[in-house]
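Under the numbering used here, the first residue of the sequence shown is numbered 18, with each subsequent residue one higher. Don't be surprised by glycine CBs; every beta carbon is placed ideally from N, CA and C. Here's the structure, in structure tokens; my notes come after.
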Amino acid sequence: MQEVIINYILICILCYITGSIPTAYILVKRRYNKDIRLEGTGNVGAMNSFEVTGSGKAGIFIFLIDFLKGLIPVLILTGVNKLSFALLILPSVLLIAGHNYSIFLKFKGGRGLSTAMGVMFTVNILMILFWLIFYFIAHKIKSNVHLASIAASILYVLPLVFFPGFVNRFTLNNSVTNDQNFLLFTFCASISILILLKHIDPLQDLLNNKNEK
């Protein structure tokens, strides 16, 4: 039992470290000799990389690597380590937390969207679809990526609340139970909180600009 607990703690630590690998910082620094933390929005992610470098290829490449940071560890944990969904939640959330608060960048990082999508691709791909639908609707209404991300990260759990049986048919172990519904909701809500926390500054900037006008 003690060995199992120690192994689980090590898995959580490794997931946080893996998520902390600052893809955008490394690529932009080496290829373009720029510190992405000091350029553009200062966000260490795919979108700011694109804006800072002007390279769509760089933005897409960074998105894919950050996506894989979430996807591959979850595939390993479920396929090799055979973690249950309940035990998978914490390591998965730590992958995203590592991306957002990288230990290698003094706890600076990205906003977690790419890595969260990688994690969710394995856990429940339908939740990505819901997030994207709400994102594009919100963006159509407000034409602001930050507001759209905030809205999508709040609203994408609604289908899980109203149609839990249908949504959970796409969840990792395909178990439609009350426990499964609760676990998936907890998982999605945890991801939402991490994403929303990283949107506080952009939201404050938007409100300040609005007040100035």
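When the beta-carbon positions are compared, F80 and S119 stay at least 8 angstroms from each other.
For T139, the uninterrupted alpha helix (DSSP H) segment begins and ends at 130-140.
The DSSP assignment places 40-49 as complete runs of the alpha helix (DSSP H) inside the region 29-56, in order along the chain (cut-off: 4 residues). Within the model, the alpha-carbon separation for N161 versus E20 is close to 48 angstroms. Pairing S166 with N60, the inter-Cα distance amounts to about 14 angstroms. Per DSSP, L100 lies in no alpha helix (DSSP H) and is assigned neither H nor E. Around the Cβ of S101, a 10 Å sphere holds fewer than 16 other Cβ atoms; the residue is exposed.
Assigned with DSSP and collapsed to three states, K123 falls in coil, not helix or strand. G59 sits in coil when the DSSP states are folded into three classes, being neither helix nor strand. The Cβ-Cβ distance between L85 and T35 does not fall below 8 angstroms.
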